[in-house]
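**Student:** Sharing a structure, written as structure tokens. Questions coming.
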Amino acid sequence: KACVLAHRDELTAQNRAKFQRVVPGVATSVIDATEKSWGGQVAFAMVPTLARASNLADMPRLDLLVVDEAHHAVADSYRRIIDRVREANPDARIFGVTATPNRGDRKGLREVFDNVADQVRLGELIASGHLVPPRTFVIDVGVQDELRSVRKTMSDFDMAEVAGIMDRAPVTDEVIRHWREKAGDRQTVVFCSTIAHADHVTEAFRAAGITAALIHGDLAAETRKAILAEYAAGDIRVIVNVAVLTEGWDHPPTSCVVLLRPSSYKSTMIQMVGRGLRTVDPEVHPGIVKTDCVVLDFGTSSLIHGTLEQDVDLDGKIGTGEAPTKTCPACAAEIPLAATECPLCGEVFLRDEGETGADAAPLSGFVMTEIDLLKRSSFAWVDLFGTDDALMATGFSAWGGIFWMDGVWYGIGGAKGERPRLLGVGERAVCLAQADDWLNTHESDESAFKTRSWLRQPPTDKQLKYLPPECRHDFGLTRYRASALMNFGFNKRAIQAAVNAVAGSERRAA
């Protein structure tokens, strides 16, 4: 029996829905303020509810406890649950998942977790097509110097002081102008410092004719749920929030993140930017193409923290990481990105008149080497026509392919007894990753892996009968390439139908 912990209603419902989609045959139940059922094989529990003594007393013996947003695991409420699980079953496994393992308060997770089972870096996920890349613009609207002088409290920068700097009509007008220029057609999440600040920003977006809504912790749960549902339905273009959507919330079509507050903790910045990095599942969000996420940083978070990568340290000793740098054009020294004068040669960096902060300080967010998915894949990918616009890999039970049409890539997967289905739409890497995942999930016979010698053998006579005449005179044709060409031929109409069903009707999220 297993239990999955989350600290908010939205996350509990979201986790349960995703689990039911992936493993529909496993019974689930919920423990929250309105329902307390351990009837399912997997229970999804709200931490504040389960941590109460009366509810802990009713908790059955668990074999597995999954802690979502596991950086919270050392909090008292979590520890009460974890200790109770271990007390009932000393052999229970505690499994934590988080995008931000290093807490801002430097408190380590060693007391709960004894090892890091695996770490997948954001750069890897972006390069492999499982997340979209951020395009980050650090925009100075004349307040960066003031923001640098803001006091730090125990938990973060003093947000009341931040609001005093950012919550001004001229600043908000500039925010909307830059947003229109760089992301005006994108669903957007905005992070503000205080409720009053967020309210003024929301009203300014509305006054500019943009559908916008405000969500914060003081709203009733049902009201928050209704606002998020409107945003998910596409009825709201911009959702403004204060410390509610920082972690866990998930709406993949979101392709712009606006930071109107600084963050002293790198983990908080990663959480905020991460809201816009999800790829889009075409079955869940048909017709939406997302290739990147625009991050508009009107504060100083990107300049303070640099990249979004973190090295995990369960003892909590990790620092804030390296700030981004630039090269001095005069002496080629590597210096801080925010520097206005080279400390080595004295070169002064003047901003051209009329040049915006965005043009002066673009930040890619990642320095990475693209992972060659074709080499990393367990399967051999065949360029069907030698034009690099139709690639296919095939096994004994399933096949996957990516196809280029009218400036967009489409990922398609097929399996025995199933009609081909659309897996992804957008960037080549994203579609290739989706198709490769499909093969890894549906092809169980390792004989289909690209290391097998039969793949390089000549085609059989039976294969040649099914192939076009010109293939019979191709002396370089292999048995595997013949299989891929046959699979494409058998499924060509279904592939075209899957592509045509969405081609031309896409709404670009990015």
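Residue numbers (this note's numbering): 68 to 577. Note that beta-carbon positions come from the ideal geometry of N, C-alpha and C, so glycine has one too. Source: prediction; values computed, not measured.
(1) From the DSSP output, in three-state form, read off SER121 for me.
(2) For ASP143 and LEU117, what's the separation of their Cα atoms in angstroms?
(3) Please state whether the Cβ-Cβ distance between VAL133 and ALA184 is less than 9 Å.
(4) If you count every other CB in all the chains shown that lies within 10 Å of the CB of LYS483, and 16 or more means buried, which is it?
(5) In whole angstroms, what is the alpha-carbon distance linking GLY421 and ILE562?
(6) Can you determine whether any heavy atom of the ligand PLP sits closer than 8 Å to the C-beta of ASP302, and answer yes or no?
(7) Secondary structure at ARG202, three-state DSSP: helix, strand or coil?
(8) Within a Cβ cutoff of 7 Å, which residues of the same chain sit near ALA565, ignoring the five residues on either side of it in sequence?
(9) Buried or exposed, going by whether 16 or more other CB atoms sit within 10 Å of the CB of TYR145?
(10) Quickly, what does DSSP pair HIS283 with across the bridge? List them, please.
(11) At which residues does the alpha helix (DSSP H) containing ARG153 begin and terminate?
(12) Using the Cβ count rule (16 or more neighbours within 10 Å means buried), how would you classify ALA568?
(13) List the residues that DSSP assigns as beta-bridge partners of SER96.
(14) So ASN554 and TRP466 are supposed to be a Cβ contact under 8 Å. How far apart are they, rounded?
(15) Nearest-angstrom Cα distance between VAL89 and VAL179?
(16) Distance check for LYS532 and PHE463, CA to CA, integer angstroms please.
(17) Tell me, to the nearest whole angstrom, how far the beta carbon of PRO319 is from that of ARG345; I am working on the premise that it is less than 8 Å.
(18) Can you tell me whether ALA428 is buried or exposed, with buried defined as 16 or more other CB within 10 angstroms of its CB?
(19) Using 8 Å as the Cβ pair cut-off and three pairs as the minimum, do the stretch 521–536 and the stretch 489–506 touch?
(20) Only counting the same chain, and skipping five residues up and downstream in sequence, which positions put a Cβ closer than 7 Å to that of ALA274?
(21) In or out: HIS540 buried (at least 16 other Cβ within 10 Å) or exposed?
(22) Rounded to a whole number of angstroms, what is the C-alpha to C-alpha distance between LYS357 and GLU270?
(23) Can you say whether GLN501 is buried or exposed, counting buried as having 16 or more other CB atoms within 10 angstroms of its CB?
(24) Label ASP207 either buried or exposed according to how many other C-beta atoms from any shown protein chain fall within 10 Å of its C-beta, with 16 as the threshold for buried.
(25) For ALA265, report the span of its beta strand (DSSP E) as first-last.
(26) Cα separation between VAL242 and ALA120?
(27) How many angstroms separate the CA atom of CYS498 from the CA atom of ALA460?
(28) Measuring CA to CA, which of GLN81, ASP266, VAL361 is closest to PRO201?
(29) How long is the line joining the alpha carbons of LEU363 and ALA80, rounded to whole angstroms?
**Tutor:** Concretely, from the data shown:
(1) Stepping through the sequence shown from its first residue, residue 121 is reached at position 54. Reduced to three states, the DSSP call for SER121 is helix.
(2) Here residue 143 is taken as the residue at index 76 of the sequence shown, counted from 1. Here residue 117 is taken as the residue at index 50 of the sequence shown, counted from 1. Each residue's Cα considered, the two are about 12 Å apart.
(3) As a first step, residue 133 must be located in the sequence shown, where it is residue number 66. As a first step, residue 184 must be located in the sequence shown, where it is residue number 117. Contact: no.
(4) For this step, residue 483 is matched to residue 416 along the sequence shown. The residue is exposed, with fewer than 16 neighbouring Cβ atoms inside 10 Å.
(5) As a working mapping, residue 421 is identified with position 354 in the sequence shown. As a working mapping, residue 562 is identified with position 495 in the sequence shown. At GLY421 the pLDDT is 37, less than 50, meaning the model places this residue with poor confidence and gives no usable figure here.
(6) The ligand PLP is absent from the structure shown, which contains no ligand whatsoever.
(7) Position 135 of the sequence shown holds residue 202. Three-state DSSP puts ARG202 in a strand.
(8) Counting from 1 along the sequence shown, the entry for residue 565 is found at position 498. ILE479, PRO487, ARG488, LEU489, listed in sequence order.
(9) Position 78 of the sequence shown holds residue 145. Buried.
(10) For the purposes of this step, residue 283 is taken as the residue at position 216 of the sequence shown. Partner(s): VAL309.
(11) Reading the sequence shown from its first residue, position 86 is the one you call residue 153. 143–155 is the span of the alpha helix (DSSP H), which, as asked, contains ARG153.
(12) Reading the sequence shown from its first residue, position 501 is the one you call residue 568. When all chains shown are included, ALA568 counts as exposed.
(13) If you number the sequence shown from 1, residue 96 lands on position 29. Beta-bridge pairing links SER96 to ALA110.
(14) Counted from its first residue, the sequence shown places residue 554 at position 487. Counted from its first residue, the sequence shown places residue 466 at position 399. 5 Å between Cβ atoms; contact.
(15) To locate residue 89, count along the sequence shown from 1; it is residue 22. To locate residue 179, count along the sequence shown from 1; it is residue 112. About 28 Å.
(16) Taking the first residue of the sequence shown as position 1, residue 463 is located at position 396. Taking the first residue of the sequence shown as position 1, residue 532 is located at position 465. Those two C-alpha atoms are separated by around 19 Å.
(17) Within the sequence shown, residue 319 is the residue found at index 252, counting from 1. Within the sequence shown, residue 345 is the residue found at index 278, counting from 1. Contact holds; Cβ gap of about 4 Å.
(18) Position 361 of the sequence shown, counted from the start, is the residue given in the question as residue 428. With a pLDDT of only 37 at ALA428, under the threshold of 50, the placement of this residue in the model should not be trusted; the figure read from the coordinates follows. Buried, by the Cβ-count rule.
(19) Under the 8 Å Cβ criterion, the stretch 521–536 does not count as touching the stretch 489–506, having fewer than three qualifying pairs.
(20) Walking along the sequence shown from the start, residue 274 turns up at place 207. The beta carbon of ALA274 lies closer than 7 Å to none in the same chain, with the five residues before and after it left out.
(21) Counted from its first residue, the sequence shown places residue 540 at position 473. HIS540 is exposed by the Cβ-count criterion.
(22) Locating residue 357 in the sequence shown gives position 290, counting from the first residue. Locating residue 270 in the sequence shown gives position 203, counting from the first residue. Those two C-alpha atoms are separated by around 28 Å.
(23) Residue numbering aside, residue 501 sits at position 434 when the sequence shown is read from its first letter. GLN501 is buried by the Cβ-count criterion.
(24) As a first step, residue 207 is located in the sequence shown; it is residue number 140 there, counting from the start. ASP207 comes out buried.
(25) Indexing the sequence shown from 1 puts residue 265 at position 198. Careful: ALA265 lies outside any beta strand (DSSP E), inside the alpha helix (DSSP H) at 262–274.
(26) Counted from its first residue, the sequence shown places residue 242 at position 175. Counted from its first residue, the sequence shown places residue 120 at position 53. For VAL242 and ALA120, the distance between alpha carbons rounds to 48 Å.
(27) Here residue 498 corresponds to residue number 431 of the sequence shown, with the count starting at 1. Here residue 460 corresponds to residue number 393 of the sequence shown, with the count starting at 1. Looking at the two C-alpha atoms, the distance is approximately 13 Å.
(28) Here residue 201 refers to the residue found at position 134 when the sequence shown is read from its first residue. Closest in alpha carbon position to PRO201, among GLN81, ASP266, VAL361, is VAL361.
(29) Here residue 363 corresponds to residue number 296 of the sequence shown, with the count starting at 1. Here residue 80 corresponds to residue number 13 of the sequence shown, with the count starting at 1. For LEU363 and ALA80, the distance between alpha carbons rounds to 30 Å.
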